[in-house]
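Asker: Sharing a structure, written as structure tokens. Questions coming.
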Amino acid sequence: MKRIHLLPGREKALCRRHPWIFDGAVKEKNAQIAAGETVLVCDSKDEPLAVGAWSPASQLRIRVWSFDPQEKIDKDFFRRRIAAAVDYRKTIGVLEDNSGCRLIYSEADKLPGVIVDLYGNYAAIQFLSAGAELFRETITELLGELSFVKGIFERSDASVRKKENLPPRTGQLAGETVPDVINIEENGLKFEVKIHEGQKTGFYFDLRTARETIRKFAGGRKVLNMFSYTGGFAVAAFAGGAKSVLNADSSLPALKQAERNLALNGFTENFRNICGDVFQLLRDLDSRGEKFDMVILDPPKLIPGKSAMIKGCRAYQDLARLGFKLLNKGGLLANFSCSGAMDMQLFQKITADAATEAGADARIIHRFEQSPDHPVLLSVPETFYLKGLLSFVEHN
Ligand code: SAH
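See the structure below:
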């Protein structure tokens, strides 16, 4: 194994068991080492600290596999890590028949660059780093050995692969052919998922607990569901007794799927789907004086990197302000951010400023977080990315 050295004083994050080593911290950052190769990471005094995967194209030059410098990164290593991820999902009770969950979540499961979502007996996998890519066959084989995995489909088409100089790749990977449409259930509600063509791997399991909360509070309400994707919140709201739902998304296939998902659960009326830009639609609704009893705002990541911080914060505030304005007295605003760079405190501040601008007094009823199948690893604060607020609005 090649020895790589950190510059003096740059081992601090590693000593706190944080797995990311940026090129600026590495003495041999331009070393000729193959993509994904396992290297021994040492401090500036040549003391071994960890073993990790070398990413020559990325600023994130090394992702640590193990903080035990003796640990061999082989099939057994991946078997142990996958088993730990599965055990954790058993503990939190998400490995139910016909259901789905995130089975492996990258850094949060100490497998940087590996994401696996389970839909019934089918797995959708993403390899997003050079290290993950190198062990693609091993990981696929081990996944196929799990009793509940019958077929595996690859969705390595996320844009982050570009940063690793890896081309996009999708397709059937192992086992039974993964069907075009998979039916899953979540809390007794039915959803169709298209692993082959949906966004990411097809469905946002990170919103599972948020859907439960929306269901609980939606009774009797006229709901505006913005960035609806395939209608997860719409189904949850109707299940909770919502009076009507207006969905909007820029993706027509997503809206068609939302209609299918609503029908699967017996909801065939009192909803409308609008294909278009939510930022514009909210303004149109406001200028027409429309009002709702619940507004859900779940945009895509509006802060993709630190440089987009100010612009992204403005966009979140703009959405929340318009959301508050569209609410009746006693209405509820559920606004979310899946940007890792946004923390809960800042999101609360932005939401508070938006309420002030809209002339609304609001109380926080609930704080949303990603569902526990997307664990937060304490040593890696970046694994906590999804946050949201449910605010009860009492207008001045
Ligand atoms: N709330 C969804 C997940 C939302 S993901 C759920 O419950 O599953 C974000 C969604 O926003 C995607 O479906 C994407 O198509 C949509 N989107 C992104 N930018 C948009 C825009 N400017 N206007 C409308 N929809 C947009």
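Counting along the sequence shown from 1, when you hit position 8 you're at -6 in the working numbering, and nothing is skipped either side. Ideal Cβ placement from N, Cα and C applies to all residues, glycine included.
#1: Below 6 Å CB to CB, which residues in the same chain sit around D60 once its five sequence neighbours on both sides are set aside?
#2: Excluding sequence positions up to five away, which residues of its chain have a Cβ less than 6 Å from the Cβ of V362?
#3: Report the option in L210, F203, G217 whose CA atom is closest to the CA atom of G188.
#4: Report whether the distance from the Cβ of S237 to the nearest heavy atom of ligand 1 is below 7 Å.
#5: Keeping to the same chain, check which residues put their C-beta closer than 8 Å to that of D347; ignore five residues upstream and five downstream.
#6: Is it the case that the CB of Q243 approaches a heavy atom of ligand 1 more closely than 7 Å?
#7: In chain order, what are the residue ranges of uninterrupted beta strand (DSSP E) at least 3 long that sit wholly in the region 174 to 216?
#8: By the three-class DSSP mapping on this structure, what secondary structure does K31 have?
#9: So, for G317: in the same chain, excluding its five sequence neighbours on each side, which residues have a beta-carbon less than 6 Å away from its beta-carbon?
#10: Counting only the same chain and skipping the five closest in sequence on each side, list residues whose C-beta sits under 6 Å from that of L250.
#11: Taking the alpha carbon of G174 as the reference point, which residue from G252, L46, F257 has its own alpha carbon closest?
#12: Am I right that D235 and S214 are in contact with their C-beta atoms under 8 Å? What's the rounded C-beta distance?
#13: DSSP puts N169 in a beta bridge; with which residues?
#14: Exposed or buried, which one is N16 when buried takes at least 16 other CB atoms within 10 Å?
#15: Given this structure, state the Cα-to-Cα distance separating V231 from R300, to the nearest angstrom.
#16: Are there any heavy atoms of ligand 1 lying less than 7 Å away from the beta-carbon of T24, as far as the coordinates show?
#17: Taking 7 Å as the line, does the beta carbon of V231 fall inside it for any heavy atom of ligand 1?
#18: Taking just the CA atoms, how far does L0 sit from A39?
#19: Would the region 113 to 124 count as touching the region 194 to 207 if we require 3 or more Cβ pairs under 8 Å?
#20: Leaving aside the five residues before and after I351 along the sequence, list all residues of the same chain whose C-beta is less than 6 Å from its C-beta, in chain order.
#21: Could you spell out where the alpha helix (DSSP H) holding R66 opens and where it closes?
#22: Residues in the same chain with beta-carbon distance under 6 Å from G205, minus the five sequence neighbours each way, listed in chain order, please.
#23: Is M328 buried or exposed, if buried means 16 or more other CB atoms sit within 10 Å of its CB?
#24: Could you tell me if the beta carbon of Y215 falls within a distance shorter than 7 Å of some heavy atom in ligand 1?
#25: Taking all protein chains shown into account, do 16 or more other C-beta atoms lie within 10 angstroms of the C-beta of G86, making it buried, or fewer, making it exposed?
#26: Considering Cα atoms alone, identify which of C324, R2, E(-3) is closest to D9.
#27: Per DSSP, what kind of secondary structure is T254 in: helix, strand or coil?
#28: For K208, count neighbouring C-beta atoms within 10 Å of its own C-beta (all shown protein chains included) and say buried if the count is 16 or more, exposed if not.
#29: Three-state secondary structure (DSSP) at K15?
#30: Among the residues of its own chain, which have a CB less than 6 Å from the CB of A223, if the five just before and after it don't count?
#31: Compute the Euclidean distance between the alpha carbons of F53 and P98, then round it to the nearest angstrom.
#32: Within 7 Å: the Cβ of Q356 and any heavy atom of ligand 1?
#33: Would you call the region 21 to 28 and the region 116 to 127 touching, i.e. three or more CB-CB distances under 8 Å?
Answerer: Reading from the atomic positions:
#1: none
#2: T369, F370
#3: G217
#4: yes
#5: A341, V379, E380, H381, N382
#6: no
#7: 175 to 179, 208 to 212
#8: coil
#9: D279, V379
#10: K176
#11: G252
#12: 5 Å
#13: E178
#14: exposed
#15: 27 Å
#16: no
#17: no
#18: 14 Å
#19: no
#20: L376, F378
#21: 61 to 78
#22: G226, G227
#23: buried
#24: yes
#25: buried
#26: E(-3)
#27: coil
#28: buried
#29: coil
#30: I200, A204, V209, V231
#31: 13 Å
#32: no
#33: yes
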